[in-house]
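Number of protein chains: 2
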Amino acid sequence: MLKYILLGFLSYAPFSGYDLKRLIDSSTSNFWNAHHTQIYSTLRRMEADGLLTSEFDEGENRLEKRVYRITGAGQADFESWLAAPLTQLPQSKDDLMVRVFFSAGRSPEEILAELRVQRRLHQQTLEGYTQIDPRHYARQMASVAGRDFELDAIFWRLTLDHGRQYEEMYLRWLDQAIAQVEALLTKPSSD
Amino acid sequence: MLKYILLGFLSYAPFSGYDLKRLIDSSTSNFWNAHHTQIYSTLRRMEADGLLTSEFDEGENRLEKRVYRITGAGQADFESWLAAPLTQLPQSKDDLMVRVFFSAGRSPEEILAELRVQRRLHQQTLEGYTQIDPRHYARQMASVAGRDFELDAIFWRLTLDHGRQYEEMYLRWLDQAIAQVEALLTKPSSD
DNA sequence: GCACACATGTAAGGCGTTACATGATTAA
DNA sequence: TTAATCATGTAACGCCTTACATGTGTGC
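Residue numbers (my numbering), protein chains in the order written: chain D, 51 to 241; chain B, 51 to 241.
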């Protein structure tokens with residue numbers, strides 16, 4: 051999947067691994083993230099597979115900068131991936147739910163502490179989302195890629211909305227969960 | 051993480067790999083799933099690490115059935131994992147969001163078809179959840195494990211609630227996304 | 001006789017994280 | 001001179017999926 055994210059950004063314009071890491075951090079990290087080590091090694095493999103070419107940026111090079119460019123084969127690969135719709139639900143994983151599922155043996159205080167930490171983290175994530183404007187990214191990308199990104203911004207906004215709604219849902223659930231575990235404090239069922 | 055799910059169930063009672071696969075399918079698959087191949091190989095590794103012991107069920111054996119039992123070391127490992135609270139957000143991945151993010155070059159019809167398939171799948175998942183009763187599982191587990199699972203059922207219910215609310219959120223988002231992509235049909239912006 | 005559920009595995013390979021490693025530029 | 005940011009990598013290891021593989025028991 052990371053492969054297609056990289057192809058997607060490189061279909062806009064050539065970028066270095068470092069650029070791509072920052073693009074991912076600031077726009078797709080919401081629903082897909084990757085460490086720089088994975089990005090660099092994936093780019094190398096994609097180049098070996100003929101999907102990309104790379105060259106060191108000679109223009110204004112104070113630092114070594116390997117810039118990747120998508121090939122015809124890469125463009126074709128990306129488009130055929132986009133053309134094949136998902137027909138299954140992507141299955142999600144959630145560490146916290148595993149821990150809650152097996153929490154009957156824990157003390158309510160301990161569980162509450164963990165839930166409240168998660169609540170704060172989700173609150174912070176949600177607040178971070180309110181400061182993101184996809185049209186801002188669209189203007190930036192337009193200046194780099196030399197074309198209009200108005201339509202793209204509509205889809206970027208949709209994924210951002212999804213992230214926001216996910217965090218809002220999660221916060222509501224955490225509040226319910228906290229309330230129920232607090233209720234265990236007052237009536238310890240097996241005491 | 052699979053390791054701790056297996057330890058969690060085996061802390062209730064001894065089970066075979068096949069049993070554990072069914073338990074996971076019917077109760078944690080919502081937030082964590084695994085193929086039988088991964089379950090079998092993980093169990094073997096855990097046995098090698100001294101967390102489990104196994105023996106073939108000799109009692110009523112028509113079929114070969116390797117039953118795993120948690121050891122003291124396994125119990126200790128599980129408890130120390132539970133005692134170390136999460137301090138980060140588990141990062142989620144969503145294939146559909148990646149596809150939506152890069153959908154500006156696709157035809158609205160194609161995108162709509164994909165979103166509608168996903169809508170149906172999420173609707174089915176949500177309907178499936180309404181037929182699950184954690185207390186039913188609690189009674190089943192009580193008869194196998196020989197203790198009460200009333201408190202456990204409260205936490206199982208919480209994870210089920212989370213799954214339900216996630217699906218409801220996703221359906222709302224899909225409806226919004228479908229509406230916005232439908233709007234692109236009437237006013238094709240770059241035509 | 002056939003299909004389906006029960007039951008357990010091996011092997012290959014890609015995905016993803018963590019630790020380790022290096023070195024330049026910029027601003028306080 | 002010290003810290004932060006820029007910039008790129010290797011190696012080890014575990015996680016996870018997919019394909020391949022085998023055999024029994026039960027019900028129609």
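Ideal Cβ positions, reconstructed from N, Cα and C, are used throughout, including at glycine.
Where the alpha helix (DSSP H) containing residue i begins and where it ends
| i | result |
| --- | --- |
| Ser193 of chain D | 184-195 |
| Ile161 of chain D | 158-180 |
| Leu56 of chain B | 52-60 |
| His86 of chain D | 86-98 |
| Lys42 of chain D | With chain D running from 51 to 241 in the structure shown, residue 42 of chain D is simply not present. |
| Phe199 of chain B | No alpha helix (DSSP H) holds Phe199 of chain B; DSSP gives it neither H nor E. |
Proximal chain D residues relative to residue i, where beta-carbon distance stays under 7 Å
| i | result |
| --- | --- |
| His212 of chain B | Met147, Trp223 |
| Ala227 of chain B | Leu208 |
| Tyr54 of chain B | Val148 |
8 Å Cβ cutoff met for residue i and residue j
| i | j | result |
| --- | --- | --- |
| Val49 of chain B | Phe205 of chain D | Since the first residue shown for chain B is 51 and the last is 241, residue 49 of chain B is missing from the structure and cannot be characterised. |
| Arg119 of chain B | Leu60 of chain B | yes |
| His212 of chain B | Trp131 of chain D | no |
| Leu101 of chain B | Ala123 of chain B | yes |
| Gly67 of chain B | His85 of chain B | no |
| Gln230 of chain D | Leu208 of chain B | yes |
| Arg185 of chain D | Ala203 of chain D | yes |
| Tyr90 of chain B | Val148 of chain D | no |
| Leu52 of chain D | Gln88 of chain D | yes |
| Ser142 of chain D | Phe81 of chain B | yes |
| Leu201 of chain D | Pro140 of chain B | no |
| Leu136 of chain B | Glu164 of chain D | yes |
| Ala63 of chain B | Val194 of chain B | yes |
| Leu235 of chain D | Arg169 of chain D | no |
| Ile228 of chain D | Leu162 of chain D | yes |
| Met219 of chain B | Met219 of chain D | yes |
Element boundaries [beta strand (DSSP E), containing residue i]
| i | result |
| --- | --- |
| Glu105 of chain B | 102-106 |
Per-residue contacts from residue i into chain B (C-beta, under 7 Å)
| i | result |
| --- | --- |
| Asp202 of chain D | Ala154 |
| Gln181 of chain D | The premise fails here: Gln181 of chain D is roughly 17 Å from chain B at the closest Cβ pair, so nothing lies under 7 Å. |
Contact list for residue i against chain D, beta-carbon separation under 8 Å
| i | result |
| --- | --- |
| Ser76 of chain B | Within 8 Å Cβ-Cβ: nothing; Ser76 of chain B doesn't reach chain D, min ~12 Å. |
| Gln230 of chain B | Ile204, Leu208 |
Closer than 8 Å at the beta carbon, the chain B residues around residue i
| i | result |
| --- | --- |
| Gln215 of chain D | Met219, Arg222, Trp223 |
| Thr51 of chain D | Going by the sequence as given, residue 51 of chain D is Met instead of Thr. What Met51 of chain D touches in chain B: Lys143, Asp145, Val148. |
Chain B residues whose Cβ lies nearer than 9 Å to that of residue i
| i | result |
| --- | --- |
| Gly58 of chain D | Val148, Phe151, Phe152 |
Residue i beta carbon near the ligand HEM (any heavy atom closer than 7 Å)
| i | result |
| --- | --- |
| Ser66 of chain B | Among the components modelled here there is no ligand, and therefore nothing to report on the ligand HEM. |
* Determine which residues of the stretch 155-176 of chain D have a Cβ less than 8 Å from any Cβ of chain B, and write them out in chain order. => Cβ proximity to chain B below 8 Å picks out Gly155, Arg156, Glu160, Ala163, Glu164, Val167, Gln168, Leu171, His172, Thr175 from the stretch 155-176 of chain D.
* Asked: In chain order, what residues of the stretch 114-139 of chain D put their CB closer than 9 Å to some CB of chain B?
  -> Taking 9 Å as the Cβ-Cβ cut-off against chain B, the residues of the stretch 114-139 of chain D that qualify are Phe128, Glu129, Trp131, Leu132, Ala133, Pro135, Leu136, Thr137, Gln138, Leu139.
* Where in the stretch 112-161 of chain B do unbroken runs of the alpha helix (DSSP H), each at least 4 residues long, occur, reported from the N-terminal end onward? -> 122-133, 145-151, all fully within the stretch 112-161 of chain B.
* Note down, in chain order, all residues in the stretch 67-100 of chain D with a beta-carbon under 7 Å from any beta-carbon belonging to chain B. => Per Cβ criterion, the list reads Thr78, Phe81, Trp82, Asn83.
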